[in-house]
Each structure stands twice: as C-alpha cells, then as structure tokens.
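Asker: With the working numbering, letter number 27 in the sequence shown gets 29, and the count goes up by one each step, no holes. Built from N, CA and C at the ideal position, the CB exists for glycine as well. Being a predicted model, the structure only gives us computed values, none of them experimental.
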Amino acid sequence: FAYINEIAKTIDFYHTSASGNQVETIYLAGGGAKLAGIVNAVQEITNIPTEIIDPFRNLIIPEKKFDLEYIRDIAPLAGVAVGLALRKDRIK
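1. Among I47, K36, G39, which one has its Cα closest to the Cα of I13?
2. I think I177 touches A35, with their Cβ atoms under 8 Å apart; what is that distance to the nearest whole Å?
3. Under a three-way DSSP split, which group does T52 fall into?
4. Assuming A43 and F3 are in contact, meaning their beta carbons sit under 8 Å apart, how far apart are those beta carbons, in whole angstroms?
5. Taking only runs of the beta strand (DSSP E) that begin and end inside the segment 16 to 54, which ones reach a length of at least 3 residues, in chain order?
6. Would you report the Cα separation of E26 and G32, rounded to the nearest angstrom?
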C-alpha cells in the first residue's frame, strides 16, 4: 500500500494550509476500498478513523427483490451511480 503514504502527505499538506481545519474521517470508495486490510492500513499510517463508504446505508432495500450480500459487496463501487440516481434535479 505504498500510495497510503501519498494520502498521508496530502492530509498533512491540507492540515498545514487549511486554517486549522482537520480531517476527521477518511472515506474510501471504489475498487481499491475492497483491498484486504486497506482500512486498517490507512488508519495506522494517518491516525485518522477510516471507513468504506456505503451509499446504500440510509436506503431501504427490499430483501425479496435484491441480494443484500451483493449490494454490500458493490457498495464501494456504487457511490456515483447512487448519487446520480438520487439527484433532485434529474434531467428529464
């Protein structure tokens, strides 16, 4: 996970240039978020709580229509799609 050091450098830069604002949580998304051990590795290197984003977290998903295990598996990959689907200003 060599790129985690780059994440840490970016956060350090942000902390020094963001008028005292601090990163409180790191949210991982995309295919890389599914790598085994990535959450713990990011937390250990950055000392910032880290979690995998779940765009389905506050949605009601009918178990009879969808395989919930599959939904959990694709959650890190679905952020953009769910966001676009939930937009209030949808193009008609």
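Answerer: To lay it out plainly:
1. I47
2. Outside the displayed span of the chain (3 to 94) sits residue 177, for which this structure offers no information.
3. The DSSP-derived three-state label of T52 is strand.
4. 5 Å
5. 28 to 30, 52 to 54
6. 20 Å
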